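Let me begin by presenting the structure, written as structure tokens, before commenting on it.
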Amino acid sequence: MEQYIGSDVLLKNVAISIRQDGTRIWRGKCASDPALLADIIRRHAPQVKRVVFETGPLSTWFYHALSDEGVPAICIEARHAQKILNETLNKTGANDADGLAQLAEAGFYKVVRVKSFDAMLTRTLIGVCKQVAAMSIQLSNQIRGVMKTLDLIVPKGKGRGVNEATMRQPHRSPLSS
Numbered sequence: 033m034e035q036y037i038g039s040d041v042l043l044k045n046v047a048i049s050i051r052q053d054g055t056r057i058w059r060g061k062c063a064s065d066p067a068l069l070a071d072i073i074r075r076h077a078p079q080v081k082r083v084v085f086e087t088g089p090l091s092t093w094f095y096h097a098l099s100d101e102g103v104p105a106i107c108i109e110a111r112h113a114q115k116i117l118n119e120t121l122n123k124t125g126a127n128d129a130d131g132l133a134q135l136a137e138a139g140f141y142k143v144v145r146v147k148s149f150d151a152m153l154t155r156t157l158i159g160v161c162k163q164v165a166a167m168s169i170q171l172s173n174q175i176r177g178v179m180k181t182l183d184l185i186v187p188k189g190k191g192r193g194v195n196e197a198t199m200r201q202p203h204r205s206p207l208s209s
């Protein structure tokens with residue numbers, strides 16, 4: 033008999049619901065760790081056919097870690113799942129896990145292609161580099177704006193130091209007295 037698992041992955045914990053033949057056979061929680069989730073799956077659902085969870089901040093990590101453990105992990109589109117999960121009266125992680133398990137059993141979901149871990153890491157590092165560069169420019173502009181209030185004019189440009197780029201000295205600076 034095949035078992036279907038829905039898991040609502042949050043930052044602190046994962047709500048798990050296991051279904052078999054149209055009924056829930058187990059429901060529980062564990063810490064947000066794919067190894068713990070895989071252990072629970074092996075213990076409570078040895079004949080699991082699908083483990084479904086939504087896209088989110090931890091989905092890439094969970095997908096690859098569960099796949100490495102031999103678990104048939106399927107990441108589904110959160111917006112598609114939310115349309116169905118919003119029909120429940122009580123919005124809890126456990127009820128979302130139940131809904132995801134029902135989707136897994138019925139096969140009504142839209143699979144998301146999860147990128148490789150290396151592709152995700154490369155994209156993340158490029159994003160961090162862009163963000164640091166933008167923060168550097170923003171900080172430089174903030175310093176330039178503060179210096180204008182002190183009558184120190186610094187021209188725009190890359191790589192010039194503040195001391196050598198100062199165009200005029202203040203006539204009466206509150207800092208020089």
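Residue numbers (my numbering): 33 to 209.
Ideal Cβ positions, reconstructed from N, Cα and C, are used throughout, including at glycine.
Only a predicted model underlies this, so the values are computations on that prediction, with no experimental measurement involved.
In this structure, the beta-carbon distance from Ala133 to Ile72 does not fall below 8 Å. For Gln52, the enclosing beta strand (DSSP E) begins and ends at Asn45 to Gln52. In terms of CA proximity to Leu135, Val83 leads the group Val83, Arg145, Phe149 and Ile185.
Just so you know, the alpha carbons of Leu90 and Ile158 end up roughly 19 Å apart. Glu34 and Ala70 have their alpha carbons spaced roughly 17 Å apart.
Between the alpha carbons of Ser172 and Thr154 lies a distance of about 27 Å. Counting along the chain, no beta strand (DSSP E) covers Ser64, and no H or E run does either. Inclusion of Ile57 and Ala129 in the CB contact set at 8 Å is not warranted, their separation being larger than that value. Boundaries of the alpha helix (DSSP H) harbouring Asp128: Gly125 to Ala138, taken from the DSSP string. DSSP places Tyr141 outside any beta strand (DSSP E), giving it a letter other than H or E. Beta-bridge partners of Trp58 (DSSP): Ile50. Shortest Cα-Cα distance from Glu86 to any of Val160, Gln52 and Arg111 involves Arg111. Judged by beta-carbon spacing, Lys81 lies within the 8 Å limit of Pro104, meaning their Cβ atoms are closer than that value. Shown here, Gln114 sits in a helix according to DSSP, grouped into three states. Per the coordinates, the alpha-carbon of Lys180 lies some 50 Å from the alpha-carbon of Ser64. Under the DSSP assignment, Lys180 falls in the alpha helix (DSSP H) whose first and last residues are Phe149 to Thr181. The secondary-structure analysis by DSSP pairs Phe85 across a beta bridge with Cys107. In this structure, Ala126 sits near Arg59, with a CB-CB distance shorter than 8 Å. The alpha carbon of Leu98 has as its nearest neighbour, out of Ala138, Asn122, Lys142 and Val146, the alpha carbon of Val146.
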